[in-house]
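Engineer: Here it is, the structure in full.
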Amino acid sequence: MLKIKNYILEQKLKNPKEPFCAYLYDCSALREHVIQVKRSLPDGCQLFYAVKANSQAKIIETLAPLVDGFEVASYGEIEKVRAIDSNIPLIFGGPAKTDAELRGAIEKKVRYIHVESLHELYRLHEIASSLEAKVSILLRVNLHSPLPSGQLQMAGKATQFGIDESQIPNVLEKLKEMSFLQLHGFHFHSMSNNLDEEAHVRFVSLCIEKAQQWAMDYDVPLSVVNVGGGIGVNYNEVDQQFHWSDFTNQLKQVLKEKEPCPGIYFECGRFLTAACGYYAVEVLDIKQNHGKWFAVVRGGSHHFRLPAAWKHSHPFAVLAIDHWSYPFPRMEISQVPATVAGELCTPNDVLAREVKVERLRLGDIFIFQYAGAYGWDISHHDFLSHPYPEMIFLE
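Residues are numbered in my numbering as their position in the sequence shown, beginning at 1, plus a constant of 14.
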């Protein structure tokens with residue numbers, strides 16, 4: 015974080031009166047992290063980046079030489095990636111693909127389309143036949159089996175995602191009549207923000223078992239099992255993160271037991287980019303209401319919605335800013351719990367709630383860590399028409 019702090023201090027020296035509000039990304043740290051993640055994967059595994067986590071062009075540019083491809087969930091994301099790399103492999107998912115998106119995905123040479131329902135399968139075949147194009151697909155499955163816990167569950171229960179496991183035999187039979195669609199395997203993205211390495215190994219093992227059983231029972235090809243993403247970031251205890259090396263060491267044994275094993279795809283988003291990003295906001299006011307302290311900042315959930323959406327106190331550091339330009343005394347608090355609130359006209363605009371601060375003064379800057387995924391991209395930027403934060407990419 016030293017690089018981030020030094021940059022902010024330099025900017026405050028240049029422009030001390032302008033309240034600081036910015037996303038800052040450490041691109042060299044991102045690069046090093048992804049290289050290590052990919053290097054640890056067993057043979058036969060490929061790493062795709064889930065663009066939904068952070069779709070900024072500089073992030074995509076940084077990742078393009080490092081990953082095996084990108085997972086996209088809309089035609090807009092396809093266009094973002096193709097604007098940077100016209101050839102890198104894409105895999106396309108999402109529960110509500112339009113005909114135009116399916117046609118566009120074919121034209122943009124997406125490697126695999128993840129089919130979410132029998133109706134989508136029919137539509138895709140109709141479009142493929144009209145284009146006289148052979149289209150490679152994976153079937154997305156909503157498993158019945160108990161799955162690892164996570165902040166969000168996409169499968170293992172009733173959701174809008176995937177094809178119910180019980181319907182897979184019928185879909186496979188229908189698929190044999192569709193000459194323009196080529197099945198390559200199955201897609202199992204099932205949860206978000208799982209922090210249990212052993213549970214995730216068991217999940218991958220289950221996905222492979224299911225896919226191999228269907229391939230054998232229904233005589234269908236199987237070259238790929240996409241186990242999705244879902245590997246998490248611990249926002250509550252930042253020193254207790256998912257141990258990727260422990261996971262991949264256990265995974266190697268699982269893949270050996272499953273031989274001959276299809277190719278395994280991971281489509282990670284949060285786990286790749288969260289740690290490289292920081293959201294930094296200046297304290298504009300400190301006040302006490304009903305016996306509780308509040309630090310009000312330039313920024314808020316309209317820039318960084320994740321803490322409000324997940325209802326957690328996001329981890330932060332306080333950067334002391336010594337400059338004080340006003341003629342009146344500078345307010346400060348110390349050794350008290352404070353709630354970090356944004357500039358919106360709603361009590362829900364909270365980034366951290368009642369977290370003890372050692373010392374906090376007006377003009378100091380909160381630096382929120384692990385803000386590189388599901389931050390700006392999921393936020394309601396235009397609510398109240400406040401200015402956008404700066405976007406800063408550091409090497």
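Cβ coordinates follow ideal geometry from the N, Cα and C atoms, glycine included.
1) From this set, Ala147, Pro235, Asp391 and His133, which residue's C-alpha is nearest Val185's C-alpha?
2) Flag this pair as yes or no: are the beta carbons of Trp324 and Asn68 separated by less than 9 Å?
3) When you compare the CB positions of Lys272 and Glu212, do they come within less than 9 Å of one another, or not?
4) Roughly how many angstroms lie between the CA atoms of Ile73 and Asp231, to the nearest whole one?
5) Could you compute how far the alpha carbon of Arg125 sits from the alpha carbon of Lys301?
6) Rounded to whole angstroms, what is the Cα-Cα separation between Glu296 and Glu93?
7) Which of helix, strand or coil does DSSP assign to Ser259?
8) Of all the options His394, Lys266 and Leu286, which has the alpha carbon lying nearest to the alpha carbon of Gly244?
9) DSSP three-state call for Gln196: helix, strand or coil?
10) What do you get for Asn303, buried or exposed, if any count of 16 or more other CB atoms within 10 angstroms of its CB means buried?
11) Can you tell me which of Asn362, Glu146, Asp210 and Ile98 puts its alpha carbon nearest to the alpha carbon of Phe318?
12) Under the three-state reduction of DSSP, which class applies to Val268: helix, strand or coil?
13) Just the Cα atoms here: how many angstroms apart are His400 and Glu32?
14) Which runs of the beta strand (DSSP E) at least 3 residues long sit entirely within the region 83-165? Give them in chain order.
15) Could you name each continuous alpha helix (DSSP H) segment of 4 residues or more that falls completely within the region 266-338, going from the start of the chain to the end?
16) Contact between the region 361-377 and the region 323-338: three or more CB pairs below 8 Å?
17) For Cys221, which residues from the same chain have a beta carbon less than 6 Å from its beta carbon, with the 5 sequence-adjacent residues on both sides left out?
18) Would you report the Cα separation of Lys190 and Phe380, rounded to the nearest angstrom?
19) What is the DSSP secondary structure of His47, counted as helix, strand or coil?
20) If you draw a straight line from the alpha carbon of Glu281 to that of Ala289, how long is it in whole angstroms?
21) Output the distance between the C-alpha atoms of Glu85 and Ile177, rounded to the nearest integer angstrom.
22) Going by DSSP, what residue range makes up the beta strand (DSSP E) through Ser348?
23) Please name the residue in Leu236, Val215, Asn250 and Met15 whose C-alpha comes closest to that of Ile151.
Structural biologist: According to the structure shown:
1) If we check each option's Cα against that of Val185, His133 comes out closest.
2) With contacts defined by Cβ atoms closer than 9 Å, Trp324 and Asn68 do not form a contacting pair.
3) Contact annotation: Lys272 and Glu212 have beta-carbon atoms that are not nearer than 9 Å.
4) Roughly 42 Å separates the two Cα atoms.
5) When rounded, the separation of the alpha-carbon atoms in Arg125 and Lys301 is 55 Å.
6) For Glu296 and Glu93, the gap between their C-alpha atoms comes out near 35 Å.
7) Correct three-state label for Ser259: helix.
8) Distance check between Gly244 and each of His394, Lys266 and Leu286 places Leu286 closest, using alpha-carbon atoms only.
9) Correct three-state label for Gln196: strand.
10) That one is exposed.
11) The shortest Cα separation from Phe318 among Asn362, Glu146, Asp210 and Ile98 belongs to Asn362.
12) Helix, per DSSP.
13) Distance between the alpha carbons of His400 and Glu32 is about 15 Å.
14) With a minimum length of 3 residues, the continuous beta strand (DSSP E) runs that stay inside the region 83-165 are 83-86, 104-106, 126-129 and 149-156.
15) List check, alpha helix (DSSP H) in window: 284-287 and 320-324.
16) Cβ pair count under 8 Å is three or more, so yes.
17) Only Phe202, Val239 and Val241 meet the Cβ criterion.
18) Looking at the two C-alpha atoms, the distance is approximately 57 Å.
19) His47 falls in the helix class under three-state DSSP.
20) If you take the alpha carbons of Glu281 and Ala289, they lie about 17 Å apart.
21) Straight-line measurement puts the Cα of Ile177 at about 19 Å from the Cα of Glu85.
22) Boundaries of the beta strand (DSSP E) harbouring Ser348: Glu346 to Ala355, taken from the DSSP string.
23) Out of Leu236, Val215, Asn250 and Met15, Leu236 has the C-alpha closest to the C-alpha of Ile151.
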